[in-house]
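Residue numbers (my numbering): 4 to 327.
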Amino acid sequence: MKSLLTLLVFVTSVTLFAQKISYSFPEGYETVLSKKDYKYLVDESVKAISKYYKIVSVKEGVVQLEVNQDYSMINLHNLILRCADMEKEAWQPLISAHFEGMYESIENQKQIDPSNFESIEAYLSIRIYPENYTDQMGGSENLIVKTQLPGTISMLVLDLPSTFASIQKEMFLLWNKSIAEVFEIAQKNVNKQEFFKATKVLNLNGNDIEINFIENEDYGSSLALDLPTNAPEFIGEWGSVVAIPNKGLVNICMISEEKPLDFIGFIQQLKPVVEQFYNQHPQRVSKDFYWYYNNAFTKINIVESNGEFSVIAPYLLTELMTEK
C-alpha cells in the first residue's frame, strides 16, 4: 500500500513538472488578482482542462496544449476578469463550467457537416475583439477576420447553443464563398437579435447632451456594426460618435447640424467611464471613440493634458462642418 502511494505521488509530481506551469501574470493583469488567488485559478484551470486535453505548459495566462488536439492553446484572460468579480467559493464551479462549455462547443461543431453551407449559415455570427486577441489564439492565419473598427478585429464565428466558436479557415474554404458574402450573412443574423435601446440626457455646463445606448450582453458590439439597420435614429446628418467598450454595450452621440459640437462634451465626459467599462469586462472591445459616417468607422484622436481631454475631429468631419 505504501509503495502504491509513493508511486502515485511520484506520477503526480512528474506530470506537474512535465507541464511546466508558470504563475506569471498576463501583461496588464498584475493587479486584478493577488498572486495567491491567481495561482489557485491557474491550478483549477489546469485540472479542468486536463479532463479533456493534454497540457504542455502554462505561462502568462496562456495554456499551451499538445499538438493534434482541438485547440493549440487556451487563454485564461476572460476567466481572470470574471473571477475577479465573484466570491472565491464560486470560482471552481465557474472554471469547470467554462472549460466544459469549450469542450462541448467543439463536440457540437463535430456534428456539423462543414461542407454543407446551407446547414451552417443560420449559425453564422460576428464577434469583435481587440486586434491582439488573435495572438492568444495562435495568430489570425487560420481564422476568418476583417477590420471594421480600427484597433479591433471582427471575427466570423458559429453561434452554438452553449458558446461562440471561431470558424477555422479550413472550414471556410469548403464553402466557396467570399469573406464579404459570408460576413454579410452573419451580420443579418446578428441583426435579428433582440436588444435594448435608450436615450439619456446629460447636462454639461448648462448644455443638454443626448447619450444613446445599445445593450445586449452577447451581441451589443456586433449590432453597432450596422447602425443604419439597428439604430438609424442615432445617426445625425454628419454621422455619430460611437464608443464600444465591451461586447454588451455601445454608447452613441449624434452629430447634427443643430448640435454639431455635442460629441466633444460626450467624449470628455464619457472617456473615464468607457475605460472603466472596458477594463472591468471579461470580453473587451475598445477604449477608443469612433466617428461613424457613411458605413465606416474612423478613430478619433484624443490628447490628455493635466487631466483634461482635447478632442481632435477627423479631417473629413471638419470639412463637412465648414462647408457653406
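Backbone N, C-alpha and C define an ideal beta-carbon position, used for all residues, glycine too.
Integer-rounded CB distance, given that residue j should sit under 8 Å from residue i
i, j, result
"residue 77", "residue 45", "Going by Cβ atoms, the distance from residue 77 to residue 45 rounds to 12 Å, so no, they are not a contact pair."
"residue 84", "residue 284", "7 Å"
"residue 303", "residue 312", "Residue 303 to residue 312, Cβ: 11 Å. No contact."
"residue 104", "residue 166", "5 Å"
"residue 246", "residue 254", "4 Å"
Close beta carbons around residue i, own chain, < 6 Å, minus the five adjacent residues each side
i, result
"residue 145", "171, 172"
"residue 175", "147"
"residue 120", "178"
"residue 259", "239, 240"
"residue 205", "212, 214"
"residue 225", "129, 193"
Contacting residues, own chain, Cβ-Cβ under 8 Å from residue i (five flanking each side not counted)
i, result
"residue 318", "none"
"residue 278", "248, 290"
"residue 238", "230, 231, 257, 295"
"residue 154", "133, 134, 289, 291, 302"
"residue 30", "63"
"residue 42", "26"
Cβ pair residue i, residue j closer than 9 Å
i, j, result
"residue 168", "residue 108", "yes"
"residue 57", "residue 69", "yes"
"residue 128", "residue 161", "yes"
"residue 86", "residue 36", "yes"
"residue 61", "residue 48", "yes"
"residue 217", "residue 200", "yes"
Closest by C-alpha distance to residue i, when choosing among the options
i, options, result
"residue 158", "185, 180, 178, 179", "185"
"residue 280", "263, 250, 265, 309", "250"
"residue 198", "221, 187, 208, 188", "221"
"residue 72", "110, 228, 42", "110"
"residue 264", "308, 323, 227", "323"
"residue 151", "133, 90, 48, 37", "133"
"residue 94", "104, 103, 105, 82", "82"
"residue 136", "287, 308, 320", "287"
"residue 219", "27, 195, 208", "195"
"residue 63", "89, 274, 138, 216", "138"
"residue 189", "101, 131, 310", "131"
Proximal residues to residue i (C-beta, below 7 Å), its chain only, five neighbours per side dropped
i, result
"residue 99", "51"
"residue 207", "268, 272"
Test: residue i CB closer than 9 Å to a CB of chain D
i, result
"residue 38", "The structure shown has no chain D; it contains just one protein chain."
**Item:** Cβ contact (3+ pairs, closer than 8 Å) linking the region 201-216 and the region 263-278
**Value:** In this structure the region 201-216 lies against the region 263-278, because at least three pairs of beta carbons, one per stretch, are closer than 8 Å.
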